[in-house]
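Numbering (the numbering used here), first residue to last: 591 to 823.
Glycine residues also receive a C-beta, built at the ideal position from the N, C-alpha and C atoms.
So the structure is just underneath, and the comments pick up after that.
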Ligand code: IPE
Ligand code: IPE
Ligand code: MG
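In structure tokens, the structure reads:
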């Protein structure tokens with residue numbers, strides 16, 4: 591089977607999953623966390639190298655305070671505290687990308703500790719995009735390139751595609767081969783704008799809390815039938 595090395599997922603539809611059941615939106619996020627566990631397990635089973643999950647976007651900071659607090663201050667912290675040992679035991683390396691300066695110092699420290707603990711694991715790289723957006727990513731890359739110009743390390747006319755690439759998050763990993771978005775929306779919503787240039791896109795109506803192993807394997811079947819050309823004939 592031709593498998594993607596790197597799968598990226600826009601985990602969408604938690605709120606609608608809850609509304610359909612007359613539950614508060616946070617109930618959808620809670621069950622959505624079970625889908626995260628199921629998908630990680632399925633990726634381990636298929637020996638996928640990298641799984642990147644869009645957990646919270648720059649724009650999601652605009653949501654009601656209670657929802658933001660639940661997602662970051664409750665679900666994410668709890669998962670980090672309760673499940674890091676299990677991830678470590680399973681040989682998973684945890685990486686977080688995004689503007690983590692916006693998180694409180696205690697949480698930032700927990701993230702750094704978790705990344706350090708799992709740094710040498712090689713079964714699966716689990717990347718959590720948190721307080722992340724594609725435009726933020728490109729902006730921070732531009733900022734560090736400008737800094738290199740200012741300090742005389744490089745000159746503007748030397749800048750190449752490769753140099754920009756080398757400042758973008760996850761530059762040292764293969765780019766996503768497959769992007770999955772759940773919930774029927776067919777948009778990128780400011781996810782990895784640079785990295786998705788040649789990624790295969792897969793959209794499904796399944797809401798994220800219902801997206802489990804079977805749904806992932808269906809996406810892998812569709813991926814297998816895709817013909818990737820990268821601009822060549
Ligand atoms: C995805 O589900 C989770 C996050 C964006 C954090 P939503 O909360 O966007 O759910 P819908 O799209 O409103 O159904
Ligand atoms: C994208 O979903 C962000 C995450 C899944 C974290 P949104 O629900 O925020 O995106 P829009 O608003 O439908 O474009
Ligand atoms: Mg949504």
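Residue 786, enclosing alpha helix (DSSP H) - first and last residue: Looking up residue 786 in the chain shown gives position 196. No alpha helix (DSSP H) contains residue 786, which DSSP labels as neither H nor E.
The region 632–641 in contact with the region 701–720 per 3-pair CB rule at 8 Å: yes
Near ligand 1: residue 661 beta-carbon under 7 Å from a heavy atom: Start at 1 with the first residue of the chain shown, and residue 661 comes out as number 71. Yes, the beta carbon of residue 661 sits closer than 7 Å to at least one heavy atom of ligand 1.
According to DSSP, residues forming a beta bridge with residue 685: Mapped onto the chain shown, residue 685 falls at position 95. Answer by DSSP bridge pairing, in chain order: 717.
Nearest-angstrom beta carbon gap, residue 687 and residue 660 [assumed within contact, 8 Å]: Reading the chain shown from its first residue, position 70 is the one you call residue 660. Reading the chain shown from its first residue, position 97 is the one you call residue 687. Residue 660 to residue 687, Cβ: 22 Å. No contact.
Cβ pair residue 683, residue 708 closer than 8 Å: As a position in the chain shown, residue 683 is number 93, starting the count at 1. As a position in the chain shown, residue 708 is number 118, starting the count at 1. For residue 683 and residue 708, yes; Cβs fall inside 8 Å.
Whole-angstrom distance between residue 794 and residue 774, CA atom to CA atom: Position 184 of the chain shown, counted from the start, is the residue given in the question as residue 774. Position 204 of the chain shown, counted from the start, is the residue given in the question as residue 794. Going by the C-alpha atoms only, they are around 5 Å apart.
Option nearest residue 752 by Cα separation, candidates 744, 745, 761, 746: Locating residue 752 in the chain shown gives position 162, counting from the first residue. The option with the nearest alpha carbon to residue 752 is 761.
Cβ contact (3+ pairs, closer than 8 Å) linking the region 595–603 and the region 814–822: no
Proximity winner among 669, 676, 758, 593, relative to residue 786 (alpha-carbon distances): In the chain shown, counting from the first residue as 1, residue 786 sits at position 196. Comparing Cα-Cα distances from residue 786 to each of 669, 676, 758, 593, the minimum goes to 758.
Residue 731 - containing alpha helix (DSSP H), residue span: To locate residue 731, count along the chain shown from 1; it is residue 141. For residue 731, the enclosing alpha helix (DSSP H) starts and ends at 724–740.
Best match in 619, 648, 651 for proximity to residue 664 [C-alpha to C-alpha]: On the chain shown, residue 664 is found 74 positions in, with the first residue counted as 1. When only C-alpha atoms are compared, the closest one is 619.
Same chain, Cβ closer than 8 Å to residue 631, neighbours up to 5 away in sequence not counted: Residue mapping note: residue 631 aligns to position 41 of the chain shown, counting from 1. Closer than 8 Å at Cβ, skipping near neighbours: 803.
Spatially closest choice to residue 805 from 782, 700, 771, by CA coordinates: By one-based count along the chain shown, residue 805 stands at place 215. Nearest option by C-alpha distance: 771.
Nearest neighbour of residue 595, chosen from 823, 810, 822 [CA to CA]: Residue mapping note: residue 595 aligns to position 5 of the chain shown, counting from 1. Checked all of 823, 810, 822; the closest Cα to residue 595 is 810.
Ligand 2 heavy atom lying under 7 Å from the CB of residue 649: Position 59 of the chain shown, counted from the first residue, corresponds to residue 649. Yes.
Neighbourhood of residue 593 by C-beta, 7 Å cutoff - its chain only, sequence neighbours within 5 removed: Numbered from its first residue, the chain shown carries residue 593 at position 3. Once the five neighbours on either side are set aside, the close Cβ partners of residue 593 are 636, 638, 810.
Distance cut-off 7 Å: residue 598 Cβ against heavy atoms of ligand 2: For the purposes of this step, residue 598 is taken as the residue at position 8 of the chain shown. No, since every heavy atom of ligand 2 falls outside the 7 Å radius drawn around the Cβ of residue 598.
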